[in-house]
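A short write-up of the structure that comes next.
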Amino acid sequence: MAREVWFQLVDEATRDAYANTTVDSLRLPEGAEDIADLRVAVWDQVKPILPSNVIAANLRVYANRAVHNDENDQSLEEDGSIGAHGGSKKDALIVEVQLPQRSGVAVESEAVQLEKLLDTLEWKEPKRLCASSGQDWSYQGAPELVDPLVKPLIKHYNAWHRYNEDKQNHAINLVLGGAGTGKSRTLDEMKGLLSAAAARSKNQALLDRMNSAYVFHVTFGNGTSTTGSLLDRDNPDYDVSYRMLYQLAKDRRNWKKFAKTLKTSYQSLALTIEASIDVLAKLEEIDSVRDMTVILCVDGFQKLVNNGTRECDFYRVLSSICRFLNSSTAFAVCVCSATVQSPVDLALSDSPQKRVFLVPRALRGDEVLKPRTRLEKQLVDDMGGHGRALETLQETLSEYTKEQLEEIDPACVVDQVWDALRLQCGDIFASAFFQVPCNCREVLAAVLSRRRYGLFDRIGRTDLTVDSLRSFGWFRWGEEGHLECAFILLMMLMRKLPKKLGEVDNFDEHLTRSVLVWQLFEQFVAFYRRVKSIAYSETPVPLSTFHAGARFGAIHNILITELSSRTVVEGIHQQDTKSGPDNSTCFTNRDGGVKVSAMNTIVINGASASAGDLYMRVQLTVGDQQVKCNEVIQCKLLQTKQKINEDTYFLWLRMIARLEKSIHNSVNTISNQARIGLIEPLAFQLLGNINF
């Protein structure tokens with residue numbers, strides 16, 4: 273049955289009405305059922321205004337304007353039913369005219385296409401790459417990041433001024449860090465950072481250039497995400513240059529449509545990165561491109577396909593940027609960001625291209641969140657300066673009044689923050705690596721032990737490198753080679769440790785309670801001691817390092833070796849903690865008989881024990897001798913509402929030292945200072961819970 277169908281003819285290139293046509297209608301002939309029949313009917317009606325080489329098959333049909341504007345480009349299939357499509361003027365079908373291209377024949381001249389392109393563009397300042405809630409926080413990274421920029425920037429400028437294209441003179445700046453650590457914010461601040469670096473150079477011409485530079489923000493994420501393949505396999509430049517031109521578009525339609533228009537409507541123009549600068553010069557009516565300064569910031573490089581070969585997208589796009597940097601007519605500074613360094617090093621492994629690595633620093637959280645209570649300050653510290661974590665904490669804390677925060681269990685807030693972060697950044701523990709508890713233990717040991725690592729060293733007995741670990745965003749690799757992580761992640765790592773069912777050293781119980789009684793405090797100290805055994809397992813370390821913070825004095829050649837990670841057990845009875853036979857046994861509540869001599873346990877002594885509250889067998893190396901003895905910790909010093917002053921503190925410390933004389937009985941070569949050193953760290957820990 274014949275019926276009326278409404279449609280709007282549009283131009284593929286401009287996305288607007290074709291040849292100034294308006295919405296029109298036609299009556300379908302009898303027997304017309306599918307979209308192919310509709311195309312023939314439309315073509316027959318409008319062919320007088322179409323080029324002679326356009327046929328019905330060159331028409332693409334969309335259900336309505338909304339579908340046509342959608343970036344998924346879902347046109348109706350030729351064999352699909354017409355159905356109710358185009359039933360009214362309001363819901364008119366969109367019929368797009370696609371001009372066929374004949375091989376070797378340019379549709380329009382280069383000059384004509386350039387004029388058309390210029391009509392669609394204008395200079396626009398870039399949108400921020402960082403769009404999160406912390407984008408307006410005062411930027412804290414300038415002092416640390418300006419320094420490494422100064423000399424390379426001067427060298428780059430001088431080489432450009434002399435028309436020297438040697439790669440060793442032109443530094444590409446690479447901002448590296450995991451998700452949420454401030455890469456995008458650093459790119460947003462690059463003009464200011466480069467201007468500050470130029471100011472230090474004492475070169476006024478360079479400073480003037482940086483202050484007046486045009487800035488482009490290109491990203492392979494967010495609104496201009498990569499689709500898993502280059503826009504043009506033969507021209508990797510286009511993945512950068514098209515996004516540069518997108519910044520200049522007067523009418524920003526969706527990115528996918530914009531890129532398609534550039535590709536199909538301006539085939540006479542080789543729109544490389546360099547050509548995009550030429551386009552900007554014409555827009556700004558600048559006679560000489562050499563008078564221009566451009567800062568090109570490319571975010572999200574890790575999103576490009578990278579298989580480690582020279583044919584992969586990552587390598588080809590990075591190489592294109594380097595070629596532009598080295599030979600640009602305008603003075604150009606290029607800055608790229610990625611989560612990991614190893615792909616960059618691999619891509620440039622056989623190139624002398626100068627590189628400057630910039631790592632965003634941890635934030636000083638108390639300067640941006642302004643904590644109102646002691647708990648808030650603690651929670652801010654727990655975020656470890658991680659930008660995304662601090663943003664999430666700020667949003668979480670805004671849900672509570674100051675009075676509510678005085679009463680709430682901090683564990684609840686931490687869990688709220690972590691749950692929100694998992695939604696925003698992905699769950700680190702959903703990765704195959706962190707699904708394995710032993711891997712979590714190796715990472716925990718790497719962080720807590722303060723060992724020094726190279727960037728490409730492997731973490732413990734795992735296959736993961738420091739560089740790959742850093743890409744998760746929660747870990748930092750310090751200048752001295754130490755690994756660091758936010759306390760909030762430390763909590764989650766602890767939860768993943770291998771545990772026995774019902775084990776007493778529950779991390780949440782010990783580190784999230786706002787009030788501790790002595791029994792719980794003993795369990796907490798035991799748990800903390802267990803963490804040390806994990807961190808230093810099978811690694812001989814100086815006694816002063818193992819018990820960091822203690823006043824050992826002059827102690828040399830004394831090492832402690834934890835042969836394995838320890839578990840915590842509770843004694844049923846009060847046990848004598850003096851060093852004794854190696855086969856000594858402690859009877860426990862849950863595990864039956866436990867041999868202390870195995871050196872894989874930490875015993876919480878029976879209730880009200882007059883001797884040490886915790887003890888364990890340890891192995892020391894004194895000079896060239898192996899010595900086994902008991903390490904004993906005394907926790908009890910409870911006097912309600914009494915403050916500790918300097919005199920009572922040292923009196924208390926001497927009391928504990930006397931209880932430790934069993935160590936002296938077994939190891940005559942260890943000085944009295946060493947004995948105090950075994951338990952003095954506890955004093956420093958305890959002082960954190962007692963007001964002076």
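Once you know that position 630 of the sequence shown is 902 in our numbering, the rest is easy, because the numbers rise by one and skip nothing.
Heads up, the beta-carbon is just placed ideally off N, CA and C, and yes, glycines get one too.
Keep in mind it's a predicted model, so treat the numbers as computed, not measured.
Handout entry: Beta-carbon proximity check, Phe-586 vs Phe-596, cutoff 9 Å
Key = no
Exercise for the section: With DSSP collapsed to three states, give me the class of Met-564. Expected result: coil
Exercise for the section: Please name the residue in Lys-528, Met-564 and Asn-441 whose C-alpha comes closest to that of Leu-478. Expected result: For Leu-478, the nearest C-alpha among the options comes from Met-564.
Exercise for the section: Please check if any C-beta of chain C sits within less than 9 Å of the C-beta of Ala-364. Expected result: Reference to chain C is not applicable here, since this structure consists of a single protein chain.
Problem - Delimiting residues of the alpha helix (DSSP H) encompassing Gln-650 - result: In this chain, the alpha helix (DSSP H) harbouring Gln-650 covers 646-654.
Handout entry: Collapsed DSSP secondary structure at His-340 in the structure displayed
Key = helix
Exercise for the section: Locate the beta strand (DSSP E) running through Met-888, then write down its first and last residues. Expected result: 886-894
Handout entry: Neighbourhood of Glu-437 by C-beta, 7 Å cutoff - its chain only, sequence neighbours within 5 removed
Key = Asn-598 and Ser-599
Problem - Contacting residues, own chain, Cβ-Cβ under 6 Å from Lys-427 (five flanking each side not counted) - result: Asn-441
Exercise for the section: Return helix, strand or coil for Val-789, following the three-state DSSP convention. Expected result: The predicted model places Val-789 with a pLDDT of 41, which falls under 50 and marks its position as unreliable, so this point remains unresolved.
Problem - Opposing strand residues paired with Asn-445 [DSSP bridges] - result: DSSP, once it has assigned bridges, lists Val-607 and Val-628 as partnering Asn-445.
Exercise for the section: Could you check the C-alpha separation between Thr-857 and Thr-873 for me, to the nearest Å? Expected result: 11 Å
Handout entry: Validate contact between the segment 616-630 and the segment 550-570 using beta carbons, cut 8 Å, 3 pairs
Key = By the Cβ criterion, the segment 616-630 is not in contact with the segment 550-570, since fewer than three pairs of Cβ atoms, one from each stretch, lie closer than 8 Å.
Exercise for the section: Count the other C-beta atoms from every protein chain shown that fall within 10 angstroms of the C-beta of Arg-724, then say buried if there are 16 or more, exposed otherwise. Expected result: exposed
Handout entry: Buried or exposed (CB count within 10 angstroms, at least 16 for buried), Ala-610
Key = buried
Handout entry: First through last residue of the alpha helix (DSSP H) which encompasses Cys-710
Key = It spans 709-720 - the alpha helix (DSSP H) in which Cys-710 sits, taken as one unbroken run.
Practice task
Could you pull out every residue in the same chain whose Cβ sits closer than 6 Å to the Cβ of Ala-274, ignoring the five residues on either side in sequence?
Solution key: Arg-299, Leu-300 and Glu-302
Exercise for the section: Given a cut-off of 9 Å, decide if Arg-802 and Ser-837 are closer than it, judged by their beta-carbon atoms. Expected result: yes
Exercise for the section: Select from Leu-348, Cys-594 and Leu-390 the residue whose C-alpha is nearest the C-alpha of Ala-329. Expected result: Leu-348
Problem - Beta-carbon spacing of Thr-860, Glu-834 below 9 Å - result: Contact: no.
Exercise for the section: Express the C-alpha separation of Leu-618 and Val-776 in angstroms, rounding to a whole number. Expected result: With a pLDDT of 48 at Val-776, under the threshold of 50, the predicted position of this residue should be treated as unreliable, and no value is reported.
Practice task
Express the C-alpha separation of Asn-445 and Thr-498 in angstroms, rounding to a whole number.
Solution key: 22 Å
Practice task
Tell whether a beta-carbon distance below 9 Å holds between Asp-288 and Val-282.
Solution key: yes
Exercise for the section: Helix, strand or coil for Asp-296, going by three-state DSSP, please let me know. Expected result: strand
Exercise for the section: Output the boundary residues of the beta strand (DSSP E) element that contains Gly-659. Expected result: Per DSSP, Gly-659 belongs to no beta strand (DSSP E); it is in the alpha helix (DSSP H), 659-669.
Exercise for the section: Under the assumption that Leu-543 contacts Leu-534 (Cβ atoms under 8 Å), give the Cβ distance between them as a whole number of angstroms. Expected result: 6 Å
Practice task
Taking Lys-388 as part of the beta strand (DSSP E), name the residues at either end of that continuous run.
Solution key: Taken as a continuous stretch (DSSP letters only), Lys-388 belongs to no beta strand (DSSP E), being part of the alpha helix (DSSP H) at 382-391.
Exercise for the section: With a threshold of 16 other CB atoms inside 10 Å of the CB of Ile-830, please say whether the residue is buried or exposed. Expected result: By the 16-neighbour rule on beta-carbons within 10 angstroms, Ile-830 is buried.
Practice task
Using only alpha-carbon positions, find the residue among Gln-676, Tyr-290 and Ala-383 that is nearest to Glu-368.
Solution key: Among Gln-676, Tyr-290 and Ala-383, the Cα nearest to that of Glu-368 belongs to Tyr-290.
Practice task
Determine the DSSP secondary structure at Phe-728, reduced to helix, strand or coil.
Solution key: coil
Handout entry: Cutoff 8 Å; reference Leu-331; Cβ partners in own chain excluding five residues on either side
Key = If we look at Leu-331 and ignore the five residues flanking it on each side, its Cβ neighbours are Arg-311, Val-314, Trp-315, Val-367, Glu-368, Val-369 and Gln-370.
Practice task
Look at the Cβ atom of Ser-614, then the Cβ atom of Ser-740, and state whether they are nearer than 9 Å.
Solution key: yes
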